[in-house]
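Under this note's numbering, the first residue of the sequence shown is numbered 69, with each subsequent residue one higher.
The beta carbon of each residue, even a glycine, is placed where N, CA and C say it ideally should be.
All of these numbers come straight from a predicted model, not from anything done at the bench.
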Amino acid sequence: MSDMTYQADTLVIGAGLAGICTALELLNNGRSVLLLDGCERQRFGGQAKEAFGGMLLSTTPEQRRNSIADSAELFWQDWQQAAQFQPDSQWAQRWAKAYCEHNRSEIYDWLQGYGIGFFPVVQWPERGNYGNGNSVPRYHVAWGCGQGIVRSLLQQLLEHPQANLLRCVFSHKVSALDFCNGRVIGCYGVQPEGAFSVQADNTVLCTGGINGNLDKVREHWDPIYGAPPDNLLSGTHPSADGALHDCVQALGGRVSNLHYMWNYAAGIAHPQPEYPQHGLSLIPPRSALWMDCYGRRIGLQPMVTGFDTHDLCKTTGHLPEQYTWQIMNKRIADKELAISGSDSNPHFRDKKLLKVIWQALRGNAAQTQWLLDHCPDVVCGNTLEELALQMQQVTPNTVLDIAGMQADIERYDAMLRGPRGLHNDDQIRRIEQLRQWRGDRVRTCKLQPIIDRKQLPLIAIRLRLISRKSMGGMLTDLGSRVLNAQGAAIAGLYAAGEAAGFGGAGIAGIRSLEGTFLSNCVFNGRRAARSIIAG
Numbered sequence: 069m070s071d072m073t074y075q076a077d078t079l080v081i082g083a084g085l086a087g088i089c090t091a092l093e094l095l096n097n098g099r100s101v102l103l104l105d106g107c108e109r110q111r112f113g114g115q116a117k118e119a120f121g122g123m124l125l126s127t128t129p130e131q132r133r134n135s136i137a138d139s140a141e142l143f144w145q146d147w148q149q150a151a152q153f154q155p156d157s158q159w160a161q162r163w164a165k166a167y168c169e170h171n172r173s174e175i176y177d178w179l180q181g182y183g184i185g186f187f188p189v190v191q192w193p194e195r196g197n198y199g200n201g202n203s204v205p206r207y208h209v210a211w212g213c214g215q216g217i218v219r220s221l222l223q224q225l226l227e228h229p230q231a232n233l234l235r236c237v238f239s240h241k242v243s244a245l246d247f248c249n250g251r252v253i254g255c256y257g258v259q260p261e262g263a264f265s266v267q268a269d270n271t272v273l274c275t276g277g278i279n280g281n282l283d284k285v286r287e288h289w290d291p292i293y294g295a296p297p298d299n300l301l302s303g304t305h306p307s308a309d310g311a312l313h314d315c316v317q318a319l320g321g322r323v324s325n326l327h328y329m330w331n332y333a334a335g336i337a338h339p340q341p342e343y344p345q346h347g348l349s350l351i352p353p354r355s356a357l358w359m360d361c362y363g364r365r366i367g368l369q370p371m372v373t374g375f376d377t378h379d380l381c382k383t384t385g386h387l388p389e390q391y392t393w394q395i396m397n398k399r400i401a402d403k404e405l406a407i408s409g410s411d412s413n414p415h416f417r418d419k420k421l422l423k424v425i426w427q428a429l430r431g432n433a434a435q436t437q438w439l440l441d442h443c444p445d446v447v448c449g450n451t452l453e454e455l456a457l458q459m460q461q462v463t464p465n466t467v468l469d470i471a472g473m474q475a476d477i478e479r480y481d482a483m484l485r486g487p488r489g490l491h492n493d494d495q496i497r498r499i500e501q502l503r504q505w506r507g508d509r510v511r512t513c514k515l516q517p518i519i520d521r522k523q524l525p526l527i528a529i530r531l532r533l534i535s536r537k538s539m540g541g542m543l544t545d546l547g548s549r550v551l552n553a554q555g556a557a558i559a560g561l562y563a564a565g566e567a568a569g570f571g572g573a574g575i576a577g578i579r580s581l582e583g584t585f586l587s588n589c590v591f592n593g594r595r596a597a598r599s600i601i602a603g
């Protein structure tokens, strides 16, 4: 056993996307960097490596080529309506406004400079249920997914002309920040061979949020989503445990809005779990019917994905048993169902354009079959009676209302099959609106009934809330400096990415416009580096 001591101009704790961007910008300016992470080297890149790779961007060439008129002013207007900022969130609002004004130059152009491009069709999630979302499509999917972003930036970092100024160490878990005479001068922790310490002029925390720690998630759970669920799934690695948030608070730093979280309502048990309660986050079909635990359609306002994730989570959290079912047929599943993440989208990840187009046109039958074969939350049957029997086996403690479920489905199908001029169902209206945008039309069935003998089997998916992203965190100014309770910067201490609530302890307020997470790792990290360089 031996203790280890390190020294650098800047210590960056956390080797995810925010840490990589911070380190890269510092190397560009000739600063020595110690990039340190508590996980093993194979997790270099963190959560970003597993992400689908979507970023919320404005006034881009992709928008222009898709005839999307956008502006910083419209972007800021949409952001405020979605976020519902509180009066005491001045720094979060400043970060959000800066993002709306500078995302093109500080994120898009910077990534393009490192060879990172985007899929040509811009997507349109989070439109808002009542006009309180994205007025226009802004969701840009990185070509190569999150894995491609990380791979490109890691190559730039590790092959940098000044790579001699960089040292990366892994399996080093920080237990305390070194705070002396009002300044953070490094950290202490443990590594496989014993203890370690770091001395640095500046320390940047890129350690993620709290959402990998389900105990902390429940501790800070916002009652707007109902009671903290007993059946909550985790879509975040356990290393995102909030330990450094506690360290920052211990030395007087302000940590705010930990009840702001971006969770999802469509989680399923991971067929190959890596940690307890490990879940997958689905992008659920719009043409499926969303039912409660008894099999009855949720309403009066039906649940439809793509409009307001915040509201979907609120609805789910207040339902009996806090889980739902989606009922569909094979055609709907093949055409519309997706799993979020790099590895679940290999054609995007591997930049296979023709295969992406073919899959969009023909559907993804292989994914549907994989879920049916391996996920206990996904069941099928050739009749509603068979399907209900399989559903009942998944949740034996809750009795399904099979007759009511059948009546709800038949009523919806009858409406779909009737004259279009007489359609009077909000889900149908939303599907028709979704299909007006080319990015959604190719992934959304054209008024597909649920019970259709040509499209069997019927499929049911049991869905639960899944913990994903912290939208609160360490309070930072526009230079990513961590602030104390009095609003003054703590000398030598910075935070970027999820640790900082993606900027100002809550850049997105209560509701993200989606795609504000990876992009803010870039935005925050670069600003932290520039602040350090400016002194």
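The beta carbons of Met542 and Ala559 sit no closer together than 8 Å. Between Ala528 and Val467, the gap from beta carbon to beta carbon reaches 8 Å or more. Counting every other CB atom within 10 Å of its CB across the protein chains shown gives His386 a total below 16, marking it as exposed.
When Arg364, Leu319, Gln516 and Ile470 are compared, the shortest CA-CA separation from Gln554 is found for Leu319. Taken through DSSP and simplified to helix, strand or coil, Gln369 comes out as coil. Counted as a single uninterrupted DSSP element, the stretch harbouring Ile81 is not any alpha helix (DSSP H) but the beta strand (DSSP E) occupying residues Met72 to Ile81. Boundaries of the beta strand (DSSP E) around Arg532: Leu526 to Ser538.
As DSSP reads the structure, Ser349 sits in a beta bridge with Gly335. A straight line joining the alpha-carbon of Ala83 with that of Ile477 spans about 48 Å. The alpha-carbon separation between Leu95 and Cys381 amounts to approximately 41 Å.
Taking a cut-off of 8 Å for Cβ pairs, the segment 533 to 552 and the segment 508 to 518 do not touch, as fewer than three such pairs fall below it. Ranked by Cα distance from Lys165, the options Tyr182, Pro155 and Trp144 are led by Trp144. The alpha-carbon separation between Leu125 and Pro291 amounts to approximately 31 Å. One Cα belongs to Leu452, the other to Leu526, and the distance between them is close to 7 Å.
The count of Cβ pairs closer than 8 Å, one atom from the segment 177 to 185 and one from the segment 384 to 404, stays below three, leaving the stretches out of contact. Secondary structure in the segment 228 to 287: the beta strand (DSSP E) runs of 3 residues or longer, each lying completely within the stretch, are 234 to 237, 241 to 248, 251 to 259 and 262 to 273 in chain order. For Val446, the enclosing beta strand (DSSP E) begins and ends at Val446 to Gly449. Rounded to whole angstroms, the separation of the alpha carbons of Lys522 and His288 is 47 Å.
Here the alpha carbon of Phe120 sits roughly 36 Å from the alpha carbon of Gly603.
By the neighbour-count definition (other C-beta atoms within 10 Å, threshold 16), Leu586 is a buried residue.
Of the other Cβ atoms in all chains shown, 16 or more fall within 10 Å of the Cβ of Asn279; this residue is therefore buried. For Ile395, the uninterrupted beta strand (DSSP E) segment begins and ends at Tyr391 to Asn397. Look at Gly560 here: in three-state DSSP terms it is strand.
The three-state secondary structure of Ile518, taken from DSSP, is coil. Contact between the segment 354 to 374 and the segment 497 to 515 is present: three or more C-beta pairs spanning the two stretches fall below 8 Å. Separation of Ala86 and Gly565 (C-alpha to C-alpha, rounded to the nearest whole angstrom) is 5 Å. Counting the other Cβ atoms within 10 Å of the Cβ of His442 gives fewer than 16, which makes it exposed. DSSP places Leu468 outside both helix and strand once states are collapsed to three, so it counts as coil. DSSP places Arg322 outside any beta strand (DSSP E), giving it a letter other than H or E. For Tyr167, the uninterrupted alpha helix (DSSP H) segment begins and ends at Gln158 to Asn171.
Pairwise C-beta distances place the segment 128 to 136 out of contact with the segment 216 to 228, as fewer than three of them are shorter than 8 Å.
By the CB criterion at 8 Å, Arg322 and Leu551 fall inside the cutoff. Listed in chain order, the alpha helix (DSSP H) elements of length 4 or more contained wholly in the segment 120 to 144 are 129 to 133.
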